[in-house]
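This report concerns only the one structure given below.
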Amino acid sequence: MNLEFRIHLGPNQPSGLPTPSESQADPQTNTKGTNNAALQLLMPILEQLLQGKNNQSQPQGNSGGAADGQPSSKLGNLMDRNSGAGGAGASGLGGANGMSNMESLVDLLNQMMQSLFERANKQGNSPSSGASSTGASTPQMNNQPSPHDVAPAVLQDAGGAALKGAVSPAKDGGGQINNQYPEMTKAVTGMMDNNKETFGTPSAPTKSVDTKSVESGTANIAANTGGLSTEASDKTSKVTSSQRLGSTEGMEGFAKAAGVKGGTGGETVTVNSVGELKQALAGDEPRIIKLGSDISATEKTNLEFGANKTLVGDGDNNKLHNIYLRSAEGAGNDVFQNLHFSHDAKYNANGDIPLYIDKGEGYWIDHNTFSGTKDQQGADDHSKDKLLYVGGTADNVSLTNSKFENNKYGLILGYPEDTKEASDKYSGYPRMTIAHNDFEDLSTRAPGLMRYGQFDVYNNHIDDFNLGFTAHTGATIVSEGNFFENGRNGGGQPSMVGVLADAGVAKGFIDIGSNISVEGQKSPETSWRGGPYDRNVMSAAEAKEFASNNAGAQGSGELKFAS
């Protein structure tokens with residue numbers, strides 16, 4: 002099983018106690034200075050839970066805790082003092098007479114924190130080491146940090162230290178996660194959720210650690226600062242878009258092989274109008290551009306984007322209406338993520354394409370929704386607009402986790418002329434990965450009309466279509482693990498013959514592992530099997546489920562990637 006974890010990093014749980022200037026400059030500032038005495042009290046209970054309740058062997062890396070199922074003396078004294086309320090005496094947590102359920106653990110943690118707060122305020126022993134709390138926003142007693150400051154810092158460092166102890170060696174020389182770790186994190190986060198007056202109400206995180214697989218006994222867990230939570234799944238990872246500004250975690254295919262970074266390293270700006278968006282997209286300076294609101298124009302509005310840009314929708318603020326983006330001279334190394342493109346039905350001419358890329362190298366188009374107007378065109382639909390064009394000399398492009406819906410035409414890929422001059426100039430462009438996308442109710446061009454380039458097309462879901470692949474001049478196409486359903490012929494009757502339209506002029510085509518048997522192939526069978534990168538290909542049925550549930554812009558802001 003391919004098991005992955007996510008460590009969720011909340012802004013309400015800073016590590017350490019930042020000074021007012023640090024806090025004002027950056028609420029995520031990470032400083033030292035946590036209460037060592039408090040950690041000595043908290044660590045044993047977390048470590049004992051990791052050991053389990055039946056004298057399991059202690060995970061490698063634990064230190065400072067109890068041995069042989071007995072708590073440290075400080076923990077024991079605290080337990081004795083609070084045994085009446087907590088339901089746990091000094092008999093220990095790991096032994097046979099230890100805590101019987103998770104509720105006792107939560108009770109004890111609450112008691113420990115209460116005791117810590119009392120000691121911090123009454124005894125005048127500062128939990129901070131080398132960090133000033135003067136001027137903090139919460140009330141202070143004797144110039145010491147309040148419980149609101151202490152609790153998150155203590156639990157963060159205690160949880161982080163316990164996390165390190167959660168990994169122990171496996172017999173094959175790798176690592177394994179202690180089976181009590183999920184219970185521990187649930188208990189800690191549960192206690193925090195139930196004590197919002199102390200820990201605050203969680204808000205959207207701004208930093209993240211993406212998940213890495215724990216596979217074949219090898220553990221690879223990364224930690225950063227903030228609150229602690231975990232999620233597990235068989236083949237997927239989750240990352241929140243607001244956490245990921247500038248991040249390329251989740252990228253795959255040709256864009257990843259080309260090292261696309263977008264605006265990473267540049268300034269982050271928030272835009273709320275067409276004018277602000279136009280200004281932010283211009284030039285070649287690295288820039289991360291975040292939508293602060295939906296942006297709409299009353300008429301079709303063309304905007305050019307330069308190089309080194311990341312344009313990302315922030316949760317529900319992701320809509321671009323009547324906004325048409327086009328690559329400028331020098332464009333490349335650009336990322337478009339969590340955006341919802343839409344337009345008025347009157348914009349249905351051949352050149353009306355909301356994202357048009359015809360030059361430059363390195364593009365990642367991820368978790369976007371492209372909505373058409375098929376339902377508004379009537380029975381006599383003469384529209385010629387498309388939803389995406391990638392051609393000309395554009396190269397090293399990954400189109401992933403996106404949704405295309407409700408349009409007569411879908412994607413045009415490769416320079417759209419079938420002449421010798423075009424072949425001489427554009428042969429080999431683009432090299433493009435098309436993976437984990439959802440194509441819904443597109444009559445033709447889903448997943449696309451393809452010319453000249455190399456197209457690695459895997460794990461897509463194509464539903465309600467007339468024509469799927471159109472393999473045309475000079476294209477090399479490998480189709481793998483795609484799921485086609487509800488195909489129809491020109492008369493509207495159910496038919497799957499349109500999965501491949503092949504005039505015999507492509508360089509090569511092959512389908513491997515899709516849910517249907519492709520018919521009508523006239524071009525040679527290609528031996529090409531994708532670009533210079535790893536491909537984690539699901540079955541066609543798994544691909545349908547994943548794309549149906551996760552492709553497109555996400556109003557929640559949480560983006561899910563195939564591992």
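For the sequence shown, the working numbering gives the first residue as 2, with consecutive numbering after it. Note that the Cβ used here is the ideal one computed from N, Cα and C, for glycine as well. Since we're looking at a predicted model, the values are computed, not measured.
Checking the DSSP bridge columns, you'll see Phe337 partnered with Leu312 and Ile366. One alpha carbon belongs to Val275, the other to Asn339, and they sit about 18 Å apart. Residue pairing of Gly488 in beta bridges, as defined by DSSP: Phe466.
Bounds of any alpha helix (DSSP H) do not take in Leu414; it lies within the beta strand (DSSP E) bounded by Leu412 to Leu414. Here Ala258 is not near Tyr459, since their CB atoms are 9 Å or more apart. Boundaries of the beta strand (DSSP E) harbouring Val458: Gln455 to Tyr459, taken from the DSSP string. Residue ranges of uninterrupted beta strand (DSSP E) with 3 or more members, entirely inside the stretch 482-527 and ordered along the chain, are 484-488, 501-503 and 509-513. Here Pro525 is near Gly509, since their CB atoms are less than 9 Å apart. Of all C-beta pairs linking the stretch 393-401 to the stretch 354-368, three or more are shorter than 8 Å, placing the two stretches in contact.
Rounded to whole angstroms, the Cβ separation of Asn369 and Ala554 is 6 Å, and the two are in contact under 8 Å. Close CB contacts of Ala447 within its chain, under the 8 Å cut and outside five residues either way in sequence, are with Phe405, Gly411, Leu412, Phe440, Ile463, Phe466, Leu468 and Gly469 (chain order). Listed as beta-bridge partners of Leu388 by DSSP are no residues whatsoever.
When DSSP reads this structure, Ala436 sits in a beta bridge with Thr401 and Tyr459.
Asn407 carries a strand assignment under DSSP once its states are collapsed to helix, strand and coil. Taking a C-beta distance under 9 Å as the contact criterion, Leu388 and Leu356 qualify as a contact pair.
Taken atom to atom, the span from the alpha-carbon of Ile478 to that of Val270 is near 39 Å. Pro431 counts as buried, since at least 16 other C-beta atoms from the protein chains shown sit within 10 angstroms of its C-beta.
For Gly449, the enclosing beta strand (DSSP E) covers residues Gly449 to Met451.
Annotation: the continuous alpha helix (DSSP H) that includes Asn550 extends over Ala541 to Asn551. Apart from the 5 residues on each side of it in sequence, Thr434 sits with its Cβ closer than 6 Å to the Cβ of Gly254, Phe255, Ser399 and Asp457 in its chain, given in chain order. Taking each of Asp367, Met252 and Val261 in turn and checking the Cα distance to Ala332, the smallest one comes out for Val261.
DSSP, read as helix, strand or coil, puts Ser557 in coil. By the Cβ neighbour-count rule, Glu481 is buried, with 16 or more other Cβ atoms within 10 Å of its own. For Glu300, the secondary structure class from DSSP, reduced to helix, strand or coil, is strand.
Sorting Thr249, Lys375 and Glu277 by C-alpha distance to the C-alpha of Gly293 places Glu277 at the top.
Excluding its 5 nearest sequence neighbours in each direction, Asn273 has C-beta neighbours in its own chain below 6 Å: Gly293 and Ser294, listed in chain order. When secondary structure is reduced to three states using DSSP, Asp396 falls in the strand class. Shortest Cα-Cα distance from Met451 to any of Phe484, Pro417 and Asn402 involves Pro417.
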